[in-house]
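The sequence shown begins at 26 in our numbering and counts up one residue at a time.
What follows is a short report on a single structure.
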Amino acid sequence: MPKLEVLNMQGTPVGNIDLSDRIFGITPNIPVMHQTVTAQRANLRQGTSSTKTRSQVRGGGRKPWRQKGTGRARAGTIRSPLWRSGGIVFGPHPRDYSQKLPRKVRRLALCSALSSKVEAQKMIVIDDIALPQIKTKEMIGFLDNLNVTAKVLIILEGANPNVQLSARNIQGVKTARADALNTLDILDSDTLIFSKTAVSRLEEVLS
Numbered sequence: 026m027p028k029l030e031v032l033n034m035q036g037t038p039v040g041n042i043d044l045s046d047r048i049f050g051i052t053p054n055i056p057v058m059h060q061t062v063t064a065q066r067a068n069l070r071q072g073t074s075s076t077k078t079r080s081q082v083r084g085g086g087r088k089p090w091r092q093k094g095t096g097r098a099r100a101g102t103i104r105s106p107l108w109r110s111g112g113i114v115f116g117p118h119p120r121d122y123s124q125k126l127p128r129k130v131r132r133l134a135l136c137s138a139l140s141s142k143v144e145a146q147k148m149i150v151i152d153d154i155a156l157p158q159i160k161t162k163e164m165i166g167f168l169d170n171l172n173v174t175a176k177v178l179i180i181l182e183g184a185n186p187n188v189q190l191s192a193r194n195i196q197g198v199k200t201a202r203a204d205a206l207n208t209l210d211i212l213d214s215d216t217l218i219f220s221k222t223a224v225s226r227l228e229e230v231l232s
């Protein structure tokens, strides 16, 4: 059973926490994580790119010149893809890129991502993440106390406006709720910072 130190917001150890083997202690399944991230990134695509075929571009109602006798190549319409402002061949058209994955696959990918962070010692548990007011400076001080840099994902038990609004202007820092966590956000972050209650909430959701 994985065990982590619990820190306070000043970065001082205040206890320990036992993590669930089924969520934080499995062998990471890399192919499943790759499949899930690919599907999530595909689901973010709007699929609104569009081009016009030769039947949709404007003009070309008559033959540009007669078939023979001009010395020029044969041409039947100015809407030909060979012409400037002509139609586009095999161009993109609006489509749905979304992919659906079974619930068990998504759950396995999430647990694999969490386990990989625990294994790499990139997960921190805080006794209680709370700020008295919305203040970016205080959030920066909190992160400095933990000595974390680069991309950070702060996972909270539920809505916490003071923390969420204080973190949103800091480059590389994101917040998420424990019951809305996803594999892409975890793998895209260098360090995970959980509140102690968020760990309990996540284990309750995934149990």
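All C-beta atoms in this analysis are idealised placements derived from N, C-alpha and C, irrespective of residue type, glycine included.
From a predicted model like this one, the values you see are computed outputs, not experimental measurements.
Proximity of Leu44 and Val224 at Cβ, strictly below 8 Å: yes
Reference Phe115, options Gly96, Trp90, Thr78, closest by Cα: Thr78
May I ask you to report which of helix, strand or coil DSSP gives Arg104?
coil
From Leu136 to Val31, what does the alpha carbon distance come to, in whole angstroms?
As written in the sequence, residue 136 is Cys, which differs from the Leu given in the question. In a straight line, the C-alpha of Cys136 is about 20 Å away from that of Val31.
Review point. Measuring CA to CA, which of Asn194, Ala64, Ser105 is closest to Tyr122?
Key: Ala64
Check: What are the start and end residues of each continuous alpha helix (DSSP H) run of 4 or more residues lying completely inside the stretch 136-195, in chain order?
Finding: 161-171, 186-192
How far does the alpha helix (DSSP H) with Arg226 in it extend, from its first residue to its last?
221-231
Specify, as a first and last residue, the run of the alpha helix (DSSP H) that Thr63 falls within.
55-68
Review point. Start and end of the alpha helix (DSSP H) containing Ile51?
Key: Neither: Ile51 is in no alpha helix (DSSP H) and is coded neither H nor E.
**Request:** Pull up the DSSP beta-bridge partners for Ala201, would you.
**Result:** Ile180
query = How should Val39 be labelled, buried or exposed, when 16 other C-beta atoms within 10 angstroms of its C-beta is the threshold for buried?
reply = exposed
| query | Going by the CB atoms, is the gap between Asp204 and Lys176 shorter than 8 Å? | reply | no
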